[in-house]
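Colleague: According to my numbering, the sequence shown is numbered sequentially starting from 85.
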Amino acid sequence: MTYQHNLEFALKLDQEDPLQLYREKFFIPQHSGKDVIYFTGNSLGLQPKTARDYVLQEMDDWAALGVDGHVKARHPWVSYHELFPELISKIVGALPVEVVVMNQLTVNLHVLMASFYRPDGKRYKILCEAKAFPSDQYAIESQALLQGLDPKEVIIEVGPRNGEFHIRTEDILASIEEHAAELAVVMIGGVNYYNGQVMDMSAITRAAHKAGAYAGFDLAHAAGNIKLELHDWDVDFACWCSYKYLNSGPGGVAGIFIHQKHASDPSFPRMAGWWGHEKAERFQMKQGFKAIPTAEGWQLSNAPVLSMAAHKAALDIFESVGMEALIRKSKLLTGFLFFILDNINKEHQEKIVEVITPRNEGAYGCQVSILMIKNGKEVFDALKAKGVVADWRAPNVIRVAPVPLYNSFEEIWMFGNIMKQVLMPDKSKE
Ligand SMILES: *Cc1c(COP(=O)(O)O)cnc(C)c1O
């Protein structure tokens, strides 16, 4: 696509956008009587207008039925989680038996590490990315401590080279190979929360397996954002949250993936709970855990129906759009943002914004992280005053994520224009 630097061009892209009507399906927060430019769908996705009705239906059934709602609600609560595998498996590229919706993200990361991080003599190391999301760092560290090991001995971090902003795949692969004999698990964020880098999960999984280790990914910033093929990549396990790109509400119920080859094995070690027990016998309350031979066998508790109802509202929208169409638009949107940012540098004598998100094909999703070489906070405050909701990472990074479900090309053009007004007041009129 050859982009043009004018408002008419942005409006034309919006007119030609097959997803333009989806914006209407979400509540857009207001600023001075107008829609904000909401670029933080990577942090908390907007509310689908249908979510309220989905939740109220369960509230009404609870009011009318009490405990009978477990079997008599319109969507019986005993099996409420069964509404999800068909929907979510398409989003993460899995078989329905490989996914289950349960708990929250960090809890699930622990639950999965309990199964897949089982240090065995010499094989006890965990490889992850440097500066992983803090919750992931704490989870991994404490998993080492729980095994009576020293996190400093256990954790291998791979970061960007000096002067670079993202991690080279070749460096991850080299580190896996270097530590092959001692490596137990590779656990990496599929899309980095800070710079938006998409990891080559397929290559990393292959290398981990060659080294004799498991490969798992935290997909908090990947689910609903990029194309995932967890089953075909042969990933061992993964987890994600539902409140970022998946628009399912603050603290919403999360999800996990366990490859069929492990999920189908009831003897695979795990933290067990009654909801993972064979359904036919679940209510016999007998001794002796018998796992359901799918990802459902990792469930601990009965379904949190109210938060699942909001999740269902959002996933029904994903089902009607389809990931292919979403990703097609996402590439155009984010490509337009790159173009607008390049233009700011071009019109200025020197480089004033540095995109630290990798720009090669397949290495970025919605999110663009912009390192502000000058006037960063001033630009951010101006954006905020004009109703742009973005994210500031001190000392100098602005993260923005135009999401294909509800953001428009016009919003990207306006974003660029506000930046120009602050950085180059004389050039912002065109
Ligand atoms: C958002 C995010 C979390 C948040 O964890 P919760 O358990 O949902 O609070 C954890 N890890 C990563 C990588 C994230 O992006």
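Glycine included, each C-beta is placed from N, C-alpha and C at the ideal position. This structure is a prediction, so every number in the text was calculated from the model and none was measured.
Hey, which unbroken runs of the alpha helix (DSSP H) at 4 residues or more fall wholly within the region 114-199?
Modeller: Qualifying alpha helix (DSSP H) stretches, in chain order: 135-149, 153-156, 169-176.
Colleague: Relative to the C-alpha of G446, which candidate in Y164, V275, I175 has its C-alpha closest?
Modeller: Walking along the sequence shown from the start, residue 446 turns up at place 362. Closest by alpha carbon: V275.
Colleague: Is it buried or exposed for P353, if we count other Cβ within 10 angstroms and need 16 for buried?
Modeller: The sequence position of residue 353 within the sequence shown is 269, counting from 1. The residue is exposed, with fewer than 16 neighbouring Cβ atoms inside 10 Å.
Colleague: I'd like the list of long-range same chain contacts for W72, defined as Cβ closer than 7 Å, with 5 residues on each side in sequence excluded.
Modeller: The first residue shown for the chain is 85 and the last is 514, placing residue 72 beyond what the model contains.
Colleague: Throw me the rounded Cβ distance for the G129 and L330 pair, which I believe falls under 8 Å.
Modeller: Residue numbering aside, residue 129 sits at position 45 when the sequence shown is read from its first letter. Residue numbering aside, residue 330 sits at position 246 when the sequence shown is read from its first letter. Yes, they are in contact, since the Cβ atoms of G129 and L330 sit about 6 Å apart, within 8 Å.
Colleague: Which stretch, first to last residue, makes up the alpha helix (DSSP H) that contains V405?
Modeller: As a working mapping, residue 405 is identified with position 321 in the sequence shown. 389-405 is the span of the alpha helix (DSSP H), which, as asked, contains V405.
Colleague: At the level of alpha carbons, what is the spacing between L189 and G280?
Modeller: Locating residue 189 in the sequence shown gives position 105, where the first residue counts as 1. Locating residue 280 in the sequence shown gives position 196, where the first residue counts as 1. Cα to Cα, the separation comes out at about 19 Å.
Colleague: According to DSSP, simplified to helix, strand and coil, what is Q383?
Modeller: Position 299 of the sequence shown, counting from 1, holds the residue named residue 383. Reduced to three states, the DSSP call for Q383 is coil.
Colleague: What are the boundary residues of the alpha helix (DSSP H) that includes R290?
Modeller: Sequence index remark: in the sequence shown, residue 290 carries index 206 (1-based). Start and end: 285-294.
Colleague: Just to confirm, does K461 get its C-beta within under 8 Å of one of the non-hydrogen atoms of ligand 1?
Modeller: Here residue 461 is taken as the residue at index 377 of the sequence shown, counted from 1. Flag unset: Cβ of K461 not near ligand 1.
Colleague: Which residues does DSSP list as the beta-bridge partners of Y106?
Modeller: Translated into the one-based positions of the sequence shown, residue 106 becomes position 22. BP columns for Y106 are empty, so no partner.
Colleague: Out of M392, G247, E438, point me to the one whose CA is closest to L171's CA.
Modeller: Within the sequence shown, residue 171 is the residue found at index 87, counting from 1. That would be M392, whose Cα lies nearest to the Cα of L171.
Colleague: Taking only runs that begin and end inside the region 450-504, name each unbroken beta strand (DSSP E) of 3 or more residues, in chain order.
Modeller: For the region 450-504, whole beta strand (DSSP E) runs of length 3 or above, ordered along the chain, are 452-456, 475-477, 481-484.
Colleague: According to DSSP, which residues form a beta bridge with V282?
Modeller: Reading the sequence shown from its first residue, position 198 is the one you call residue 282. Looking at the DSSP assignment, V282 forms a beta bridge with V275.
Colleague: Suppose you measure from the CA of M498 to the CA of V473; what does that come to, to the nearest Å?
Modeller: In the sequence shown, residue 498 corresponds to position 414, counting from 1. In the sequence shown, residue 473 corresponds to position 389, counting from 1. Roughly 13 Å between the two C-alpha positions.
Colleague: Just to check, is the beta-carbon of Q188 closer than 8 Å to a non-hydrogen atom of ligand 1?
Modeller: One-based indexing of the sequence shown puts residue 188 at position 104. Flag set: Cβ of Q188 near ligand 1.
Colleague: What does a CB cutoff of less than 7 Å around E514 pick up in its chain, not counting 5 residues either side in sequence?
Modeller: The sequence position of residue 514 within the sequence shown is 430, counting from 1. Residue placement at E514 cannot be trusted, given a pLDDT of 48 that sits under 50; what the coordinates show is reported in the next sentence. Answer for E514: no residue qualifies.
Colleague: For R207, which three-state DSSP category applies?
Modeller: Here the question's residue 207 lines up with position 123 in the sequence shown. Reduced to three states, the DSSP call for R207 is strand.
Colleague: Classify I342 as helix, strand or coil using the three-state DSSP reduction.
Modeller: Counting from one through the sequence shown, the residue named residue 342 turns up at place 258. Note: I342 maps to strand in three-state DSSP.
Colleague: Just verifying my parser: in three-state terms, what is the DSSP assignment at I239?
Modeller: Translated into positions along the sequence shown, residue 239 becomes position 155. I239: strand per DSSP, three-state reduction.
Colleague: Looking only at its chain, what residues have a beta carbon closer than 7 Å to the beta carbon of M508, apart from the 5 residues adjacent to it on each side?
Modeller: One-based indexing of the sequence shown puts residue 508 at position 424. Correct list, in chain order: E431, H432.
Colleague: Between which two residues does the beta strand (DSSP E) holding Y327 run?
Modeller: Residue 327 sits at position 243 when you count from the first residue of the sequence shown. Run containing Y327: none; DSSP gives neither H nor E here.
Colleague: Is the region 200-215 touching the region 163-181 in the sense that three or more CB pairs, one from each, lie closer than 8 Å?
Modeller: No: the two stretches stay apart, fewer than three of their Cβ pairs being nearer than 8 Å.
Colleague: Apply the 10 Å Cβ neighbour rule to E266 and answer buried if 16 or more other Cβ atoms are within range, or exposed otherwise.
Modeller: On the sequence shown, position 182 is the one that residue 266 refers to. Under this definition E266 is a buried residue.
Colleague: Quick one, are the C-beta atoms of G300 and A322 less than 9 Å apart?
Modeller: On the sequence shown, position 216 is the one that residue 300 refers to. On the sequence shown, position 238 is the one that residue 322 refers to. Yes, Cβ-Cβ distance for G300 and A322 is below 9 Å.
Colleague: State the Cα-Cα distance for the pair R290 and A379, rounded to the nearest angstrom.
Modeller: Here residue 290 refers to the residue found at position 206 of the sequence shown. Here residue 379 refers to the residue found at position 295 of the sequence shown. About 22 Å.
Colleague: Relative to the C-alpha of K328, which residue among E254, N246, L399, G372 is closest?
Modeller: The sequence position of residue 328 within the sequence shown is 244, counting from 1. If we check each option's Cα against that of K328, L399 comes out closest.
Colleague: Can you name, in chain order, every residue of its own chain whose Cβ lies under 6 Å from the Cβ of E525, other than the five neighbours on each side?
Modeller: Lying before the first or after the last residue shown, residue 525 is absent from the chain, which here runs from 85 to 514.
Colleague: May I ask whether a heavy atom of ligand 1 can be found less than 8 Å away from the beta carbon of Y277?
Modeller: Reading the sequence shown from its first residue, position 193 is the one you call residue 277. Yes.
Colleague: With DSSP collapsed to three states, give me the class of A299.
Modeller: Counting from one through the sequence shown, the residue named residue 299 turns up at place 215. In the structure shown, A299 sits in a strand (DSSP, three-state: E or B).
Colleague: If you pair each beta-carbon of the region 476-487 with each one of the region 446-460, do three or more pairs fall below 8 Å?
Modeller: Contact holds: three or more Cβ-Cβ distances are below 8 Å.
Colleague: From the beta carbon of S163, is the nearest beta carbon of chain C less than 9 Å away?
Modeller: Structure shown: chain C not included; a single protein chain is present.
Colleague: Would you tell me roughly how many angstroms separate the C-alpha atoms of M285 and L303, rounded to the nearest one?
Modeller: Counted from its first residue, the sequence shown places residue 285 at position 201. Counted from its first residue, the sequence shown places residue 303 at position 219. If you take the alpha carbons of M285 and L303, they lie about 11 Å apart.
Colleague: For ligand 1, is there a heavy atom less than 8 Å away from the beta-carbon of S219?
Modeller: Indexing the sequence shown from 1 puts residue 219 at position 135. At least one heavy atom of ligand 1 is nearer than 8 Å to the Cβ of S219, so yes.
Colleague: According to the Cβ coordinates, are M523 and L390 closer than 9 Å?
Modeller: For residue 523 there is no data in the structure shown, the boundaries of the chain being 85 and 514.
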